[in-house]
Amino acid sequence: MKKLSKSVSFFTALMLTAWPLHAAPETADFPDSPKAGEAQSILSLHQAEIRDALRLIATEYDLSIVMNDEVTGAVTLRLKNASLVNTLDALLVSRGLDYDIRDNIIRVASAKDIAEERKQRNSRQEREGLITEVLTLHYLDAIDMKPTLESMLSSRGKISVLEQRPHKGFAFGSAGGSSSSAKGTSSSSSGSGSTPSLFGALGAAAGAAAGGGGGEGSDSGGLLKSRSSEESARSKTLLLTDLRSQVERIKEVVRKLDVPPRQVLIDAKILEVNSATLEDIGLDLESSFFRGKNSPLNNSFAGDLNSGSSNTAISPDILSNVFPADTDSGIHAVFTKVEGEDLTVIVHALLQDKRTKTLSSPKILTVENQEAAILVGEQFPIFQSNVSDQGTVTESLSYYQPIGISLQVIAQVTPKDEVILIIHPTVSAVGAFVTGTSGLTQPRITTREADTRVLMKNGETLVIGGLLEDEDQNRYWRIPFLDRLPLIGKAFTRRQDNSDQRNLLIFITPRIIDAESASLTDSEKSTLEGIRQGEAAAALTTNQAVL
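Quick note on numbering: the sequence shown equals residues 74 to 620 in our numbering.
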């Protein structure tokens, strides 16, 4: 019975191919049961010596173990996919034993002894003096780290964020107007229902228009997040007061969490395509001719987008998803992903037609989990009217509405080097003006926008299509003098009304930027270096201006 091989059998290795444990003391997250697709584990004991079983478990979890003399006896059980904590509970609790884990050491004794040891340890901690240390973070913000560390404090510990109150900078392009309108605020929830709450800046501008409140002023530009107004948001200093042992454990957690964030290069192309362009260049997706195996689209196309050429085949299934057949105006957004060189082929084919407009082709480098925002356009002033008790009507500038092409992206990098993108593209323009009861005219803002969250491979391209807009064209021809003749004058005139549609296509490609930038081509590396140099030059110019 002393021989373990006669009493203990482990099937498919409880022993944690995927569950190595190097736990932080007292705060360790022990492995849970394996998920689907992972190795299964079964612990089967039949009249096994409990001390031998505990030694095996400690060995497989890479832990040390200390057992009192009263830890004896035989045990019979069968556990499947049990975590370390559940396994120890099943082995010990029913036998009047207990355990404690500190500094990767399992201490096993009677429940009474373990309770007494915990009581003595708490008593020592109460007598132990407190120490205070300043923790300076390198990458994370202190306000983000604080909630995580608060859960690790002892009953006597406390942690606080260093409050930084910098002097206000200069405001460029003052909104002017009354002070009440310049300082007014609007939450995104009060704006248009189509504006996603994820990007609160645009919601603030829309909320001001819908609810009558003022915006944040011109410095917000519709693209700054509310986080920038938090005075301590960018502080990287924490003041920690606790027991020495707790301080050391917290510092170890900080070292593991405060690591350099991944960077993502967002490459976007925004095209506006005439509804007839697809048919004119041979991309009539409703025709079965382009969907069969012998389709010309399955032949090789030559593409040259980024100073490089490639020969590749395009999948008609991709195009049929990108370009919807529905010809009604409005939003019929379609989201699809393009792999390999298919993007080169699609864009090359579209750009051969002169009616295809490249509205914008921005590139921006951003840190993961931080919003990247691009606005190509203008800030359109929105006024509000005020009527006094005497009936006098005055006008004042309420806020600036961003008009043009804006793209807001948040990129999150997964452990498998995939990218989760949260995307909100917007194309807006000033439409016809409307007149209010006070005589104040305000413009209609025509907008085409979409909002999506997708999981993509590194270097894969997301295509957003189906954002349609009607375009009316009226032409008039006449023969001078003859068109004014009575009765027959209309015979010398001609009027032509054309109605067309424009389809907005958005191509977004995220690329994870490693230290070596191994995944980038030479031209992309050159572009990335130019972006970095531009950011450095802008920062230097700003510093010189301040000095």
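Don't be surprised by glycine CBs; every beta carbon is placed ideally from N, CA and C.
Where the alpha helix (DSSP H) containing residue i begins and where it ends
i	result
L127	123-133
A564	That residue, A564, is in no alpha helix (DSSP H); it is neither H nor E in DSSP.
R328	317-330
Residue-chain proximity (residue i, chain B), Cβ-Cβ < 9 Å
i	result
E201	In the structure shown, chain B cannot be found, because there is only a single protein chain.
Pairwise C-alpha distance: residue j and residue i
i	j	result
L623	R191	With the chain represented from 74 up to 620, any question about residue 623 goes unanswered, as that position is not in the structure.
R328	D214	14 Å
P498	Q481	6 Å
D102	N177	Because D102 sits at a pLDDT of 42, beneath the cut-off of 50, its placement in the model cannot be relied upon, and the following sentence gives the value as read from the coordinates. Using only the alpha carbons, I get a separation of about 12 Å.
E189	H211	42 Å
L157	T534	43 Å
L423	L577	12 Å
E133	L152	15 Å
I343	G538	10 Å
Y472	I518	14 Å
V536	I496	11 Å
P516	F453	10 Å
K231	K219	10 Å
D135	S433	56 Å
G146	M225	37 Å
E359	D340	Any reading at E359 must be qualified, since the residue scores a pLDDT of 39, below 50, and its modelled position is unreliable; no value is offered.
I138	R584	47 Å
T439	L311	26 Å
V332	V326	11 Å
E451	R526	27 Å
D105	I476	Legend: pLDDT at D105 = 45, less than 50; position of this residue unreliable, value from coordinates given subsequently. So the alpha carbons of these two residues sit roughly 51 Å apart.
D587	L330	19 Å
S361	F456	Bear in mind that a pLDDT of 33 at S361, under 50, signals an unreliable position, so the number given afterwards is only what the model happens to contain. Computed Cα separation, rounded: 53 Å.
T582	D217	29 Å
K430	R335	34 Å
R623	M529	The question about residue 623 has no answer here: the residues shown for the chain are numbered 74 through 620.
E491	I323	30 Å
R180	Q193	15 Å
A523	S233	40 Å
Q532	N347	What sits at residue 532 in the sequence shown is Gly, not Gln. Cα to Cα, the separation comes out at about 28 Å.
A155	V500	53 Å
R557	R568	15 Å
R428	L338	29 Å
T149	S228	40 Å
Unbroken beta strand (DSSP E) run spanning residue i, endpoints
i	result
S469	466-486
K14	The chain is shown from 74 up to 620; residue 14 falls before or after that span and cannot be answered.
A446	444-460
R557	Neither: R557 is in no beta strand (DSSP E) and is coded neither H nor E.
R428	That residue, R428, is in no beta strand (DSSP E); it is neither H nor E in DSSP.
T520	514-522
K309	Taken as a continuous stretch (DSSP letters only), K309 belongs to no beta strand (DSSP E), as it is neither H nor E.
L438	436-440
Counterpart residues of residue i in DSSP-defined beta bridges
i	result
K530	E491
T149	Paired residues: none, contrary to the question.
A505	A505 pairs with nothing; no bridge assigned.
L136	BP columns for L136 are empty, so no partner.
T510	According to DSSP, T510 bridges with nothing at all.
P333	According to DSSP, which records beta bridges pairwise, P333 is partnered with nothing at all.
H625	The question about residue 625 has no answer here: the residues shown for the chain are numbered 74 through 620.
- [ ] Evaluate the contact criterion for the stretch 195-215 versus the stretch 170-186: three or more CB pairs, one atom per stretch, below 8 Å.
- [x] In short, these stretches do not touch, since the Cβ pair count stays below three.
Task: Cβ contact check for the stretch 454-462 and the stretch 308-320: 3 or more pairs under 8 Å - done: The stretch 454-462 vs the stretch 308-320: no contact.
Task: In chain order, each beta strand (DSSP E) run of at least 3 residues that lies wholly inside the stretch 152-235 - done: The beta strand (DSSP E) runs lying completely inside the stretch 152-235 and spanning 3 residues or more are 170-175, 178-183, 203-209, 231-234, given in chain order.
TODO: Please confirm if the stretch 488-505 is in contact with the stretch 546-565, defined as three or more CB-CB distances below 8 Å between the two stretches.
DONE: Proximity of the stretch 488-505 to the stretch 546-565 falls short of the contact definition, fewer than three beta-carbon pairs being nearer than 8 Å.
Open item on the list: Between the stretch 119-136 and the stretch 158-174, can you find at least three pairs of beta-carbon atoms closer than 8 Å?
Closed with: Flag = yes, the stretch 158-174 and the stretch 119-136 touch.
Task: Any 3 or more C-beta pairs closer than 8 Å across the stretch 474-493 and the stretch 445-455 - done: With a cut-off of 8 Å, the stretch 445-455 and the stretch 474-493 count as touching, because enough Cβ pairs lie within range.
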